[in-house]
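A.B. asks:
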Amino acid sequence: MNDAAPQPVLDCAHLVRRFGDRTAVDDVSLRIAPGETYGLLGPNGAGKTTAIRMVCGLLRPDAGTVRVAGLPVSTAAGPAKRLIGFVPQEVALYPDLSVRENLRFFGRLYRLPRRRLEARVAEVLDLIGLTARARDRVDSLSGGMRRRLNIGAGLVHAPTLLVLDEPTVGVDPQSRHAILESVTRFGEQGMAVLYTTHYMEEAERLCDRVGIIDRGRLIAEGTPRELVSLVAERDRVRLTAVGDLDAFARACRRFTRVEGAARGGDRDDVVEVVVKDARSLLPELLDLAHRQGVHVRSVEIDEPDLETVFLHLTGTALRE
98 MNDAAPQPVL DCAHLVRRFG DRTAVDDVSL RIAPGETYGL LGPNGAGKTT
148 AIRMVCGLLR PDAGTVRVAG LPVSTAAGPA KRLIGFVPQE VALYPDLSVR
198 ENLRFFGRLY RLPRRRLEAR VAEVLDLIGL TARARDRVDS LSGGMRRRLN
248 IGAGLVHAPT LLVLDEPTVG VDPQSRHAIL ESVTRFGEQG MAVLYTTHYM
298 EEAERLCDRV GIIDRGRLIA EGTPRELVSL VAERDRVRLT AVGDLDAFAR
348 ACRRFTRVEG AARGGDRDDV VEVVVKDARS LLPELLDLAH RQGVHVRSVE
398 IDEPDLETVF LHLTGTALRE
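All the letters of the sequence shown, read from the start, carry residue numbers 98 to 417 under this note's numbering.
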């Protein structure tokens, strides 16, 4: 039985790119497996766009290599580029053509046979939820629909790797939800996805792993849970309750996983508990309250998240 890990869809090794005296990407290596959604996060100017352009063969690295499904990617035309679907942040469509005509055009660029192209266009229209608007001109669509069609243009040739550069910028909530649902399905269907975003909640929802790039270097990488553990912060449980809360706080401190428990400084009816993995311990805390004769009215859990990690590692918020 072969237990070897599957070949990565994307394999970037020691990428470097300089612009004059400035090093935009500095020794970046990352891999994306089949069916995996990888989020690349970083402040503005961190090197994300430069890295993406090298992945897609739009920019030649000064050092390092990019392979997709084992094939080398270069700025010249080649078989590896046929495996990549790139969806830029800017909408790149023909406004005077219909939705269907745009998809046909991009499919022809990849020389899809006519019957395969028509079948694939129908599949993509269904996937992006625009079948009913297939005959409409692009300039009649809402901004969110144009974003969805922009993704469809990157999908029509059935790529092995889909690169999405901030695909939900400026879209309405309904289209944003549709885009996120689509990205989830891509991974379920085995497609590898490289995803950049300025919305941390999208990375937490979609990404199996996340890489944080800052000043051209990949400074952290892992699952969202693994990255949160790097910060070494603990959860805070805030219980609003009635009863002998001083005694309850003392009893909470006897749990080995509780690092602190005390009455809330600004509220007489609150106990704050500092704990690792609050959600697993919460049933025991509530059972303890019941046994102590304390009536809990509400519970709030403040957990560190990717935003906390990002701020800790880069010194800036993601949107800055």
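A virtual CB, placed ideally from N, CA and C, is assigned to each residue, including glycine. For clarity, every value in this text was computed on a predicted model and none was experimentally measured.
What whole-angstrom Cβ distance do Asp366 and Thr337 have, given they're in contact under 8 angstroms?
C.D. replies: If you number the sequence shown from 1, residue 366 lands on position 269. If you number the sequence shown from 1, residue 337 lands on position 240. Contact flag correct, Cβ pair sits at about 6 angstroms.
A.B. asks: With a threshold of 8 angstroms, are at least 3 pairs of Cβ atoms found where one atom belongs to the region 284-298 and the other to the region 249-261?
C.D. replies: The region 284-298 vs the region 249-261: in contact.
A.B. asks: Between Thr411, Val372, Gln389, Glu263, which lies nearest to Glu397 when the distance is taken from Cα to Cα?
C.D. replies: Position 300 of the sequence shown holds residue 397. Measuring from the Cα of Glu397, the nearest candidate turns out to be Val372.
A.B. asks: I'd like to check one pair, Ala250 with Phe203: are the Cβ atoms closer than 8 angstroms?
C.D. replies: Looking up residue 203 in the sequence shown gives position 106. Looking up residue 250 in the sequence shown gives position 153. Yes, the Cβ-Cβ distance between Phe203 and Ala250 is below 8 angstroms.
A.B. asks: Which of helix, strand or coil does DSSP assign to Phe352?
C.D. replies: Residue numbering aside, residue 352 sits at position 255 when the sequence shown is read from its first letter. The answer is coil: DSSP assigns Phe352 none of H, G, I, E or B.
A.B. asks: Taking C-beta to C-beta, are Thr134 and Tyr292 nearer than 8 angstroms?
C.D. replies: For the purposes of this step, residue 134 is taken as the residue at position 37 of the sequence shown. For the purposes of this step, residue 292 is taken as the residue at position 195 of the sequence shown. Yes, these two residues count as a Cβ contact at 8 angstroms.
A.B. asks: Val268 to Gln186, Cα distance in whole Å?
C.D. replies: The residue given as residue 268 occupies position 171 in the sequence shown. The residue given as residue 186 occupies position 89 in the sequence shown. Whole-angstrom Cα-Cα distance: 12 angstroms.
A.B. asks: Given Ile105, which residues of its chain have a CB within under 7 angstroms of its CB, disregarding the five upstream and five downstream residues?
C.D. replies: Residue mapping note: residue 105 aligns to position 8 of the sequence shown, counting from 1. Checking the displayed sequence, the identity of residue 105 turns out to be Pro instead of Ile. For Pro105, where only same-chain residues beyond five positions count, the Cβ hits under 7 angstroms are Arg128, Ile129, Ala130.
A.B. asks: Starting from Ser326 and walking both ways along the alpha helix (DSSP H), at which residues does that stretch end?
C.D. replies: Translated into the one-based positions of the sequence shown, residue 326 becomes position 229. First-last of the alpha helix (DSSP H) with Ser326: 321-327.
A.B. asks: List in chain order: all unbroken beta strand (DSSP E) runs of 3+ residues lying wholly within the region 246-321.
C.D. replies: Within the region 246-321, the complete beta strand (DSSP E) runs of at least 3 residues are 258-262, 289-293, 306-311, 314-319.
A.B. asks: Ignoring anything shorter than 3 residues, give me the beta strand (DSSP E) runs that lie fully in the region 149-229, in order along the chain.
C.D. replies: List check, beta strand (DSSP E) in window: 160-165, 181-184.
A.B. asks: Looking only at its chain, what residues have a beta carbon closer than 8 angstroms to the beta carbon of Ala500, apart from the 5 residues adjacent to it on each side?
C.D. replies: The shown model of the chain, from 98 to 417, leaves out residue 500, and the question about it has no answer.
A.B. asks: What first and last residue would you give for the beta strand (DSSP E) that runs through Arg388?
C.D. replies: Start at 1 with the first residue of the sequence shown, and residue 388 comes out as number 291. No beta strand (DSSP E) holds Arg388; the alpha helix (DSSP H) holding it covers 375-388.
A.B. asks: Start and end of the beta strand (DSSP E) containing Val371?
C.D. replies: The sequence position of residue 371 within the sequence shown is 274, counting from 1. Note, Val371: beta strand (DSSP E), 367-372.
A.B. asks: Could you tell me whether the region 170-181 touches the region 241-250, where touching means 3 or more Cβ pairs closer than 8 angstroms?
C.D. replies: Cβ pair count under 8 angstroms is below three, so no.
A.B. asks: Which residues in the same chain as Val221 place their Cβ atom closer than 7 angstroms to its Cβ, once the five residues preceding and following it in sequence are excluded?
C.D. replies: Working through the sequence shown from its first residue, we reach residue 221 at position 124. Taken in chain order, the residues that qualify are Leu200, Gly249, Leu252, Val253.
A.B. asks: Given a cut-off of 8 angstroms on the beta-carbon distance, is the pair Ala143 and Arg306 in contact?
C.D. replies: Looking up residue 143 in the sequence shown gives position 46. Looking up residue 306 in the sequence shown gives position 209. No, the Cβ-Cβ distance between Ala143 and Arg306 is not below 8 angstroms.
A.B. asks: What is the rounded straight-line gap between the Cα of Leu209 and the Cα of Val334?
C.D. replies: As a position in the sequence shown, residue 209 is number 112, starting the count at 1. As a position in the sequence shown, residue 334 is number 237, starting the count at 1. The straight-line gap from Cα to Cα measures roughly 56 angstroms.
A.B. asks: Who are the Cβ neighbours of Pro264 in its own chain at under 7 angstroms, not counting the five residues just before and after it?
C.D. replies: Counted from its first residue, the sequence shown places residue 264 at position 167. Taken in chain order, the residues that qualify are Val184, Arg244, Ile248, Ile276.
A.B. asks: Looking at C-alpha atoms only, which residue of Arg213, Ile149, Leu303 is the closest neighbour of Gly132?
C.D. replies: Translated into the one-based positions of the sequence shown, residue 132 becomes position 35. For the residues Arg213, Ile149, Leu303, the minimum Cα distance to Gly132 belongs to Leu303.
A.B. asks: Considering just the uninterrupted stretch of the alpha helix (DSSP H) at Glu404, what are its terminal residues?
C.D. replies: As a working note, residue 404 is residue 307 in the sequence shown. Residues 403-411.
A.B. asks: Reducing DSSP to helix, strand and coil, say where Leu138 ends up.
C.D. replies: Locating residue 138 in the sequence shown gives position 41, counting from the first residue. Looking at Leu138 - three-state DSSP - the assignment turns out to be strand.
A.B. asks: According to DSSP, which residues form a beta bridge with Ser395?
C.D. replies: Against the sequence shown, residue 395 aligns to sequence position 298. In DSSP, Ser395 forms a bridge with Thr337.
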